[in-house]
Amino acid sequence: MSSKRPRVSGGSDKEPQKGAKHQRMADYTFSIPSPPSPSISEHPSMAAAGDPSDFGVTSKSTNLRGRKRFLADLEAVQRASIEHRGLRLTDIQLGEEEGTFNCRVSRTGGVHVLSLNFLVSDTSEYPSDHVLFCYSSDEPVPEQFKEAIDEIPRQGALSLRHTLDGLLTTFAKILNREPHSVDEEEDQDEEEDVDGIFEDYDTYSEDNLGITAKNKSNIDMNLMQRDFNEMIVWNYRPGYISFGTDEFILSVSLPVVALTRDIPARALMAWDRRLLSQSQHLTMLISGMRGTYPVLERDGILHPEASMRDAILQFRVGLTPNYKPTKQDAMDAVRVFRMKQEVQNLKSNSKAQTASAVGAPVSYDGDDASENNDEEPQPDPSTFQSFSLSASLESLMNDYFLRVMQLRLKYDLGWAGAEMLCWQAEKMQQRPEDALNFVWMHVRAADEQEAVLQQSYNLPPDPLLSGQSDGHINLPLLAFCYLIRRLMLCSRYCIVCHDRLNTEYETLKPYVCDSRLCTYQYYFLNRGLSLEYEIRANPEVVDLLVSLAFVAAREGALDNPLPIGMGLRVANPGGAPTGEPDSLCDFDTLTLPQMQSAIANLIQTLPPIADVKKFLDKHDTIGKAKPRLHDMNPQTPSAAWLVLRWCIASCTAHVEELSPVDCIQGIDSTWRQFRFSIGAPDVEARFKTALKAAQNQDPNALDYPALYAFHGSPLKNWHSIIRHGLWYKTIANGRAYGDGVYFSKEGSLSMQTYARTSTSCWSNSSIGAQQCCALAEIVNLPQQFVRTNPFFVVKDTEWIMCRYLLVKSASNTEEVPEDNTETEVEQEVIPFVPLDPRHPITMSTASIRIPDPSYKLVKLLEVRQQEQSDAMDLFDEDDMRVFDYQAVAPDPAVCEEPTNADDWVHDAAWVNATVEHLLPPPSEATPQATMALQKELKSMLREQEKAKSLRELGWYMPPDLIGDNLFQWIVELHSFEKELPIAKDMEAQGINSIVFEIRFPPSYPHAPPFFRILKPRFLPFIRGGGGHVTGGGSMCMDLLTADGWLPSYSISAILLQIKLAISNLDPRPARLASNWDQAYNMNEALEGYKRAANTHGWKIPQGLERLALN
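Number 1110 marks the last residue of the sequence shown (UniProt numbering); no jumps.
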């Protein structure tokens, strides 16, 4: 074997010589050629935007503007061949909505990489002032692709070709990461050389657990213990989830029912009915710490050790049945790849998931119980589940939390002030320190306003104001307090950009700001509450909201908020040709009367909501594409579906139909009754404060703190009332008795005189709304009203709480929801509200009785609290390692580290006998693969050497079997959980470990290695075996195929995944075969791998047979 160190000349265009014997890593140093200088075609950002010579745009199209230019550029892109370094754009098609188009990124051979969907914010402003959005419908989307996709809107107004060329170039760089050049003549230390060249392999991890090979953990258990104890003091539940090596996830949780101490239960139900559907916890997961704790310095920046390990903090927010998810659930929540069987398990539970989403009796009145609930299997209670606000909260935490915290620490600000500075600096495109000079007064005002909010919101305490004297930052506690704060204030901030809302009215549900960019994402990309969920859970409410929007539009009362900025394409109101290919015009260019007419016409084309629900119920299956409303009836205009989304998503009140037991007694059955909550989440707290103040002022209010009265208004006004509340900025029926909101104690007066019957009705409505009237609760201080006779005229809107919405239906044939709350609250007589005899409330002079609107909700909360008390979640073994940790000072008399007598021990005889008949190692190599393997091998050996326990490590590389060829490794997996069947089989047969051979291709790390078991032999799947092991001893895992592999995966992390797969008991546990001592041969391993890949539709890596058999 030659001892010379091969070089790769920077100026040579020749391929590295293949077939040479590979030397051990200590004998290799490479000089990598510098990449060629980028050309204009490779880096479109270097070309002038709109230059036809560079982008294949005809001179004719460059004279066009607006939508015509967009369509011309899209046609040019469709004709062009956009390729870069093995990637190409295919299937470029115009989308169904205005300004949209779709395409696929594929490898040159046709292998699918990613589906992309694009949206131009306003085609009339193309190509000079538009914004281009991009997202992918694929699940999951690799993180490094997400970064490139998220950058597109920030690039400014670029042409389509310009943007697509740049995006494809970025993708190609990600998939074909080139190492930096190294001076050919420098002979540096090998470790520095290799580490510097391949640092990118560690950076781009697709798994938030940190699938990288790094040094052993650097965890300060004393500090973690102190932080955990502090979280307990704050009534939060910390959790430590260890993955056996240096990787871990931290969790912090709080029972959802505990949130009701500070957030009204009705607000939680309005945000997501599932929050109180069962006893569960609001849980935050923190991953990406790379075996380091603490992660942050005193100023909030990454700790040097964490930075060196490429720590990237990632936050997940969801619901869990216990105080923390199981280890497997936590891994599923933060990782992006999934084993095939797990997807199949998800499919098998699709009905249960659907039942959980829309069917189970989750409400305190039971009106969302599924029709076929008894036939549905129960959902898996161990799943870490997202809810309606998860995506928005995760975006906030991942994109802004650390930045806001750092600004707080740097400038001594509160949360609100730091957020204001962060957001304003982003808008001004300046550094925060520069922007602070211009926005200082706004920053201070934001902190002062939040101090005022404390009077009605019981915001969580601030850990930074009561932190440790040494400046240590308790990251989990601080992050969770910030999360709770933003959850409580979610309706005051934009759900998309997270900036403070500036509206004239307060909302109960989270909403979107007036930015067109946020409007696009909220409505068009469905970033808000799920329309499909609302249709399936509350079809009657959706029907009502659409009906009210139709009447308001038809009768000319529809006003802000309008569906502007959604890219609606509608028929020309004048009927004249528009000159556009689709003969449609932009909705945003119409006058207000034309907009109202267009909305009414679009709503008339919608099918009945009950039919839409049936369509969604029939076609929703996990593992398949979600049903698209447009597919229900292609003849329905795309704009009509967007208007339907707008009708529901723009409703910031909470409306739900009542069951008979909750209905007001004494009102005609033709009036359908709905629970009606409106206003900010803290409006209830302000109302209760006003009630207490009234009891101090008027003795009568001690017995009757509130009055009830009716408010009637024409049907056309209720679309606005449901969104804005009962304000009196516009005059509906005159103000003969002064300014304020008018109420009547006689219901028939409001219903027959002021709630005038509408002449319009949506033809497909099942409710057929004709009139609307509200029943409100009012602070009982009539002497302070503007007027008490013949009407109550109340000027202070904080004294008013809407409780019921009454809707006169043209047809009352629909069944009123039955009360199914027996499963939640024992049936009993609901008490009625005591009514002040001085101000009786009547309907046609007859008395009415009002059930206590809060009674059943209070009972439900009592049930949840009792369930939480009975649960008694004890800390598990991982957590107790933190709580019981005791630092022991080293004994100077002891010179050697103590050994673990119970640790796993390598059995050399077993392994040597196993590897006797191995095939020769692979013969093909490249310098890039060799250097990547040098780095990986060093990292593996370093981790193995520093491991405190081999049993905890779970794998072992026998040093004596590390040969001259880097492209063949022998690794043992051992120390499986004792209760597993495979562990019992191994113990019974005296088997010390599972011996693997790993063979690396010359294209590594861009192509996956080939893993196969040598011994022992497993029971095949067709004979009842499991553990994701094929009949030939190879592994049935998609991440080891061409489709699932990523260059960032480290071998140690893959071994952890393989060990978890073998330990998986679903669908069947792994077991040893009766001929366990017979070694697998390469041919059967190769055939087993191919069979598994073909069965699941996975792509087999190129050159696999040559790798395995040569």
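Glycine residues also receive a C-beta, built at the ideal position from the N, C-alpha and C atoms.
8 angstroms contact criterion, which residue i and residue j should meet: CB distance rounded
i	j	result
Gly565	Thr519	4 angstroms
Val882	Met224	6 angstroms
Asp543	Ile609	4 angstroms
Leu165	Ile82	Here the sequence assigns Asp to residue 165, which means Leu is not the residue at that position. Indeed, because the Cβ distance is near 6 angstroms, the residues count as touching under 8 angstroms.
Short Cβ contact (8 angstroms threshold) for residue i with residue j
i	j	result
Asp852	Ile830	yes
Ala846	Gly666	yes
Cys494	Cys513	yes
Leu861	Ala265	yes
Ser106	Arg88	yes
Thr169	His112	no
Ala709	Ser748	no
Leu483	Val317	yes
Pro1002	Ala1108	no
Tyr126	Asp220	no
Leu464	Leu478	yes
Gly300	Ile535	no
Pro660	Asn633	no
Ser279	Gln868	yes
Arg686	Gly738	no
Cys663	Ile722	no
Cβ-based neighbour list, residue i, same chain, cut-off 7 angstroms, excluding 5 preceding and 5 following
i	result
Lys60	Summary for Lys60: the model assigns pLDDT 48, below 50, so the residue's position carries little reliability; its value from the coordinates is reported in the next sentence. Hits under 7 angstroms: none found.
Cys497	Cys513, Ser515 and Cys518
Glu199	Interpretation of Glu199 is limited by its pLDDT of 37, a score under 50 that renders its predicted location unreliable; the figure taken from the coordinates is listed afterwards. Around Glu199: no qualifying Cβ.
Ser597	Pro573
Ala600	Phe550, Ala553 and Arg554
Leu691	Pro705, Ala706 and Val779
Leu950	Asp903, Trp904 and Tyr956
Phe480	Tyr236, Val252 and Met284
Asn1094	none
Leu160	Asp73, Leu74 and Val77
Per DSSP, cross-strand counterpart(s) of residue i
i	result
Lys613	Answer is none; Lys613 lacks a bridge partner.
Lys692	The partner list for Lys692 (beta bridge, DSSP) is empty, contrary to what the question assumes.
Trp904	None; Trp904 has no bridge partner.
Glu746	Thr842
Ala774	His711 and Leu805
Asp586	Arg569
Thr90	Arg104
Ser847	Thr842
Leu973	Trp955 and Ile994
His112	Ser106
Phe791	According to DSSP, Phe791 bridges with nothing at all.
His84	Leu87
His281	Pro255 and Thr320
Same chain, Cβ closer than 6 angstroms to residue i, neighbours up to 5 away in sequence not counted
i	result
Trp969	Ile998
Pro1016	Ile991, Leu1072 and Trp1076
Ala1092	Thr1030 and Cys1036
Leu1088	One point to set straight first is that residue 1088 is Gly, not Leu, in the sequence displayed. Around Gly1088: Thr1030, Gly1031, Gly1032 and Ser1034.
Val443	Gly417, Met420 and Leu421
Pro381	With a pLDDT of only 45 at Pro381, under the threshold of 50, the placement of this residue in the model should not be trusted; the figure read from the coordinates follows. The residues are Pro321.
Gly95	Phe101 and Asn102
Leu250	Ile286 and Pro476
Ala435	Gln424, Ala425 and Met428
Trp1098	Asp1038, Thr1041 and Asp1043
Nonlocal neighbours in the same chain, by C-beta distance under 8 angstroms from residue i, ignoring five residues either side
i	result
Leu590	Val570, Pro573 and Ala598
Ser758	Val551, Glu555, Pro714, Leu715, Lys716, Ala769, Gln770 and Gln771
I'd like to know if the segment 1052-1069 and the segment 964-979 are in contact, where contact means that at least 3 CB-CB pairs between them fall below 8 angstroms.
yes
Any chance the segment 65-82 sits against the segment 137-155, with 3 or more Cβ pairs inside 8 angstroms?
no
With three or more C-beta pairs closer than 8 angstroms as the rule, is the segment 246-257 touching the segment 274-290?
yes
The segment 797-810 touching the segment 770-779, judged by at least three CB pairs closer than 8 angstroms:
yes
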